[in-house]
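Residue 5 is where the sequence shown starts when you use our numbering, and the numbers rise one by one after that. Step one of this worksheet: look at the structure below.
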Amino acid sequence: MNRKVPKTELEQRLTKFREIMNKREPEWELALIISKVNQYYFTGTMQEGLLFISRDNESVFYVRRSYERAKDESMFSNIQPMETYRDAAAAGKLTSTVYLETEFVPLAMFERLRKYFGFTAFKSLEACIMSIRSVKSPYELDLMIKAGEMHRKVMEERVPAMLREGMTERDLTAGIFTALQQEGHHGVSRFGMFDTEVLLGHIAFGISSLNPTYFNGPGGNFSASPAVPMMGSDQQRLSKGDLVFIDTGCGCQGYHSDKTMTYVFGRQLPQHAVQYHQKCLDVQQRIAEMLKPGEIPSNIYKIIMDSLDDDFLQNFMGFGNRKVKFLGHGIGLQVDELPVLAKGFDEPIREGMAFAVEPKFGVEGIGMVGIENTFLVTPEGGRCITGSHPGLLLVE
């Protein structure tokens with residue numbers, strides 16, 4: 005498999021970036037990209053460096069470490085070595101106003117940049133970049149489809165054989181990670197959420213999945229330690245009758261899928277839990293049918309939420325006082341991309357977008373039921389790329 009991002013792909017991304025910046029920020033002259041994910045998007049390599057995108061001149065990627073690797077990996081046209089910011093600054097002072105990733109750049113780095121490059125004002129790049137990244141090219145969608153198939157195979161075919169009485173959440177985490185790697189998973193689940201560390205996701209037995217976490221999602225777990233709140237517990241052991249909740253990311257050459265599967269170990273869940281799960285499946289199907297070009301994310305959210313009864317809403321998308329205010333989210337180079345199926349997202353959906361749709365419900369004394377799959381937007385509605393199993397898979 006060719007690991008290099010094609011030169012035509014990189015050129016198209018820069019062209020789209022300039023087009024949207026010219027439309028949204030007609031006064032712009034220079035953008036400075038520092039985050040590794042966005043650098044990868046525009047250059048095809050992930051290094052310590054500074055990417056300068058000019059409105060009228062050739063863009064330049066200054067790389068400190070590793071210049072040699074960047075040259076080997078990237079089809080980007082202009083990569084230059086840099087030992088310190090002084091080397092890049094020697095090419096000339098920047099314009100008075102520079103566009104930056106304000107959600108990413110820490111204050112100390114900002115001060116160093118201003119010292120060496122001499123700009124006096126800054127504006128945010130995030131909305132522009134995320135708007136471009138939200139619509140995937142055929143090259144990107146192909147990688148996401150590959151990730152989705154790896155994900156489906158592991159969650160629907162390989163995980164049931166891993167479940168055994170007495171195993172810990174950490175044991176299962178290790179087994180899932182190994183299986184995903186064997187299928188080709190790129191090894192991490194990347195999130196844009198500030199200061200968030202995720203290896204795979206939430207892997208939980210029984211009521212562990214109802215435990216609150218700092219992570220902005222419906223589920224949770226007890227965790228191995230307060231120092232690593234996203235890691236499965238080495239104390240929580242699988243018992244007959246337990247619900248198994250697995251919410252993970254999978255990736256292929258940088259591009260992710262997101263999937264939640266549930267299993268029941270040893271015997272079926274009580275009927276009321278099964279009924280709540282079925283309602284979540286119905287919600288997913290209704291949302292998928294609306295994932296068409298021209299639909300409005302906030303309208304989808306309102307239609308669904310307005311249709312649900314008060315009893316169901318009590319623990320829908322969380323449990324107790326910990327509930328999230330979305331039904332799904334964009335996905336790509338990061339698991340949590342824009343747009344979001346939530347209030348305030350009023351721009352029309354476009355073909356080429358991808359969404360992780362995750363209706364879930366916390367059942368007291370049992371755990372988190374529901375489902376999550378990744379869908380591509382098509383004129384006929386959402387096309388699922390992560391499998392069709394409805395969950396609550398019985399493992400005896």
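A virtual CB, placed ideally from N, CA and C, is assigned to each residue, including glycine.
| query | result |
| --- | --- |
| If you measure between the beta carbons of G391 and R156, is that distance less than 7 Å? | yes |
| At 3 residues or longer, and completely inside the segment 11–52: list those beta strand (DSSP E) runs for me, N to C. | 34–37 |
| Would you kindly work out how many angstroms separate the C-alpha atoms of G322 and P297, rounded to a whole number? | 29 Å |
| If we call anything under 7 Å between Cβ atoms a contact, is T264 one with E376? | yes |
| Residues bridged to D251 by DSSP? | H206 and T264 |
| Go to P85, then tell me how far its beta strand (DSSP E) extends in each direction, as first and last residue. | I83 to P85 |
| To the nearest angstrom, how far is it from the Cα of M148 to the Cα of K140? | 10 Å |
| Let me know the secondary structure DSSP gives F323 once reduced to three states. | strand |
| Do three or more CB pairs link the segment 100–113 to the segment 12–19 at distances below 8 Å? | no |
| For R387, I'd like the list of residues in its chain whose CB is within less than 7 Å of its CB, leaving aside the five on either flank, ordered along the chain. | F379 and L380 |
| DSSP has K127 in a bridge; who is on the other side? | Y103 |
| Taking only the alpha-carbon atoms, compute the straight-line gap between A131 and Y103 and give it to the nearest angstrom. | 11 Å |
| I need the straight-line Cα distance from K75 to K8, nearest angstrom please. | 11 Å |
| Can you tell me whether DSSP reads G371 as helix, strand or coil? | strand |
| Please report the distance separating the alpha-carbon of D286 from that of Q272. | 20 Å |
| With distances taken from CA atoms, which of D313, M159 and E400 is nearest K283? | D313 |
| Report the residue from S212, N303 and I250 whose alpha carbon sits nearest the alpha carbon of R162. | I250 |
| If you draw a straight line from the alpha carbon of G179 to that of L167, how long is it in whole angstroms? | 10 Å |
| Can you name the start and end residues of the beta strand (DSSP E) that N377 belongs to? | N377 to L380 |
| What does the alpha-carbon distance come out to for the pair F269 and V399? | 5 Å |
| Grouping DSSP H, G and I as helix and E and B as strand, with all else coil, what is T410? | The structure shown does not extend to residue 410, since the chain is modelled only from 5 through 400, so no value can be given for it. |
| Can you tell me which of the three DSSP states S141 falls into? | coil |
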